[in-house]
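Novice:
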Amino acid sequence: MNRKEFLSDCGKMGMAGVALSLFPWLESCTEKAKQEVHGEKARIGIIGTGSRGVFHIKNLLQLQQAEVVALCDNYRPHLDDAAQYYPKAKLYEDYRQLLDDKNVQGVIIATPLYLHGRMTIDAMNAGKSVFCEKSMAFTLDEALEVYNRRKELGSVLFIGQQRLFDPKYVKAMSMIHEGVIGDVVGVRNYWYRNNDWRREVPSPELERHINWRLYREYSRGLMTELACHQLQNGSWAMGMLPEKVMGSGSLIHWNKVDKRDVYDCVTAIFTYPNGVNMTFESIISNKHFGMGEQILGSKGTIDLVTGMHYTDEPMPKGSGMHQLVEQIERGVMSNSVFAGTSWAAETGSTAPGMPIMPNVKVVTGESSVGAEADGSKELVDAFLHAVITGKQPEKVLEESYYATQFALLADKAMHENAILTLEDKYRVPYVPLGSR
Amino acid sequence: MKDIVIPAAVVRREIIIWLCCFVAANIVNWVVIIKFATPWYEIFSQIGYVTITSFVFYGLLLMLRAAWWLLSRVFKK
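Chains as they are written, first to last, in our numbering: chain A, 369 to 804; chain B, 3 to 79.
1) So, at 6 Å on beta carbons, what are the nonlocal neighbours of Ile-755/A in its own chain, with the 5 sequence-adjacent residues on each side left out?
2) Determine whether the Cβ of Gly-688/A lies closer than 9 Å to any Cβ atom of chain B.
3) If you run the structure through DSSP and keep just helix, strand and coil, what is Gln-662/A?
4) Could you tell me whether the Cβ of Gly-382/A comes closer than 9 Å to any Cβ of chain B?
5) Let me make sure I understand the geometry here. Which of Ala-771/A, Ser-687/A, Glu-568/A has the alpha-carbon closest to that of Trp-42/B?
6) What's the gap between the Cα of Ile-19/B and the Cα of Ser-56/B?
7) State the CB to CB distance for the pair Val-548/A and Val-644/A, rounded to an integer number of angstroms; the pair is presumed to be in contact (CB under 8 Å).
8) Per DSSP, Leu-439/A forms a beta bridge with which residues?
9) DSSP beta-bridge partners for Glu-611/A?
10) Give the range of the alpha helix (DSSP H) segment to which Gly-61/B is assigned.
11) Please confirm whether Thr-53/B has its beta-carbon closer than 9 Å to some beta-carbon of chain A.
12) Does Lys-729/A have its Cβ less than 9 Å from a Cβ in chain B?
13) Given that Phe-46/B touches chain A, what residues does it touch there, using C-beta distances under 7 Å?
14) Beta carbon of Ile-527/A, beta carbon of Glu-510/A: below 9 Å?
15) So what does DSSP say about Val-553/A, is it helix, strand or coil?
16) Rounded to whole angstroms, what is the Cα-Cα separation between Glu-734/A and Pro-761/A?
17) Taking all protein chains shown into account, do 16 or more other C-beta atoms lie within 10 angstroms of the C-beta of Trp-604/A, making it buried, or fewer, making it exposed?
18) If we count the other Cβ atoms within 10 Å of its Cβ and call it buried at 16 or more, is Ile-36/B buried or exposed?
19) With the cut-off set at 9 Å, would you say Thr-479/A and Gly-522/A are in Cβ contact?
20) Here's the rule: buried if 16 or more other CB atoms are within 10 angstroms of the residue's CB, otherwise exposed. What is Ile-787/A?
21) Determine the direct distance from the alpha carbon of Ala-39/B to that of Asp-779/A, and round the result to whole angstroms.
22) When DSSP labels each residue in this structure, what does Trp-604/A get in the three-state scheme?
23) If Met-608/A sits next to Pro-641/A, beta carbons under 8 Å apart, how far is it from one beta carbon to the other, in whole angstroms?
24) Out of curiosity, what's the CA-to-CA distance linking Ser-74/B and Val-25/B?
25) Taking 9 Å as the cut-off, decide whether the C-beta atoms of Glu-766/A and Leu-532/A are in contact.
26) Do Val-625/A and Leu-590/A have their C-beta atoms closer together than 9 Å?
27) I want to see whether chain A comes within less than 9 Å of Lys-37/B, judged by CB atoms only; does it?
28) Just verifying my parser: in three-state terms, what is the DSSP assignment at Ile-6/B?
29) Closer than 8 Å by beta-carbon distance: list the chain A residues that pair up with Asn-31/B, in chain order.
30) Please report how far the alpha carbon of Tyr-583/A lies from the alpha carbon of Lys-456/A, in whole angstroms.
31) Between which residues of its own chain and Thr-592/A is the CB-CB distance below 6 Å, once the five residues before and five after are set aside?
32) Is Leu-747/A closer than 9 Å to Gln-530/A when the C-beta atoms are compared?
33) Please decide whether Val-34/B counts as near chain A, where near means a Cβ-Cβ distance under 9 Å.
34) The beta strand (DSSP E) spanning Phe-391/A covers which residue range?
35) Check whether the region 718–730 of chain A and the region 671–686 of chain A touch, using three or more Cβ-Cβ pairs below 8 Å as the test.
36) Helix, strand or coil: how does DSSP classify Ser-503/A here?
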């Protein structure tokens, strides 16, 4: 999807103007913004050309403003794979050499989590615009350091929170801010998979290098790799940040197969100042429920993943004749037990719901790399625009910052077996998404 | 093959019976409009359902009449 298609989608939603006033980072998707950079190219270097790096490269190939001039990876097979897409790009095995390359204007960092903070700061110090994959950093302190350094330098910094650019999320959040589902009373996020989360390792000494996600030395596991995407839903919907965090995590299945030390089963609860809870649950040894993100309101529910709106309001009852027929049917079909239970299971609603916009593109969440139409391409496109213009979009960084901080805080709560609040020193100015 | 001839009097009688069923179905419609507090324009908008209901009534009546005719024949013998 290009900018035009994105805005066309927004237009179909009848919300382009509203969305731009509520969510100003979408400004870079407008026709006006496109004209601003017409004919110009952003010269990009990719640091980390593994699966996610190549996913970005494939998107960049389709974007007019992109010119990949440098590639970097310290694992040669990945670097050579990426070079096939951009044969003219300079190849580096040390990211610092790429940062010294004056031809590179902006970098996309798709490396293991423990490198994000250091590489982002080094890149900003080298005068580059930076797009770094989520999560923003490995620790709470490091995330703050990145945030502050960007503020000092005024650099362009994007973090890979692509939902902010996914039309169905934008539409859903607009509806929530308009009060379509009433007061937000709960936020449910879950992400279930049934796979070992491993990449193929050609030789045993490369295990930690390639499967870094599985080791706490390099990753915070499910919280930083999956939850980080979903945790912004609550803040985006309610316009506030969680007050306290608690959670529990354990290794219940995949540790029988390998020597990983990150949890394969986590549950976290985030409580907001108004008392509303947001939950995140992930299990990677059962995939029945897949990925889900639901905003529960006093008048209805919006499923962000499927782009469906379900109302809790009573459905129109139909004509008198319909109601009569229904009453007769109920009479005929009713259970005539004479000493049955007075309790009936409160099963979920089977109401079919309404799509929030035409042609909703549903992403399953099964892929560990990325998916079509999940907002990633629009996010990278917006980054290219920012590289050329040097303008940092409003609010996006703060949202990414807090998504990272709360993912890390929940991980900490799990390991310390404690209920935690984000210390004041980690709080940066926050203008809620959706506030005008 | 022999033609089946339905006398005009029978046709008239059946039409009158169906019209009675139609009136009865309309009465049912008025009753449910009052009972379920639905709008009065349903007198017209539900005319399709009312017509179907009238045929249901007519069919039920036909079965009753057939049963009556059979029983009366049995007792006559």
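Backbone N, C-alpha and C define an ideal beta-carbon position, used for all residues, glycine too. From a predicted model like this one, the values you see are computed outputs, not experimental measurements.
Specialist: Short version:
1) First, the residue type needs correcting, since residue 755/A is Val and not Ile in the sequence shown. Leaving aside the five residues that flank Val-755/A on each side, the residues in its chain whose CB is nearer than 6 Å to its CB run, in chain order, Ala-410, Gln-473, Gly-474, Ser-497.
2) yes
3) Strand.
4) Caution is warranted here: a pLDDT of 49 is assigned to Gly-382/A, below 50, making its placement in the model unreliable, and the coordinate value is therefore given only provisionally. Cβ-Cβ to chain B under 9 Å: no for Gly-382/A.
5) The residue with the shortest Cα to Cα distance from Trp-42/B is Ser-687/A.
6) Near 10 Å, if we compare the C-alpha coordinates of Ser-56/B and Ile-19/B.
7) Not quite, the Cβ-Cβ distance comes to about 17 Å (not below 8 Å), so this is no contact.
8) Ile-414/A, Leu-459/A
9) In the DSSP output, where bridge partners are listed per residue, Glu-611/A has none listed.
10) Residues 49–78.
11) no
12) no
13) Within chain A, no residue comes near Phe-46/B; the closest Cβ sits about 11 Å away, beyond 7 Å.
14) no
15) strand
16) 30 Å
17) buried
18) Result: exposed.
19) no
20) exposed
21) 56 Å
22) Trp-604/A falls in the helix class under three-state DSSP.
23) Confirmed, Cβ separation roughly 6 Å.
24) 29 Å
25) no
26) no
27) yes
28) coil
29) Gly-688, Met-689
30) Cα to Cα, Tyr-583/A sits roughly 35 Å from Lys-456/A.
31) Leu-481, Ser-503, Ala-775
32) yes
33) yes
34) From DSSP, Phe-391/A is part of no beta strand (DSSP E); its letter is neither H nor E.
35) Yes, the region 718–730 of chain A is in contact with the region 671–686 of chain A.
36) coil
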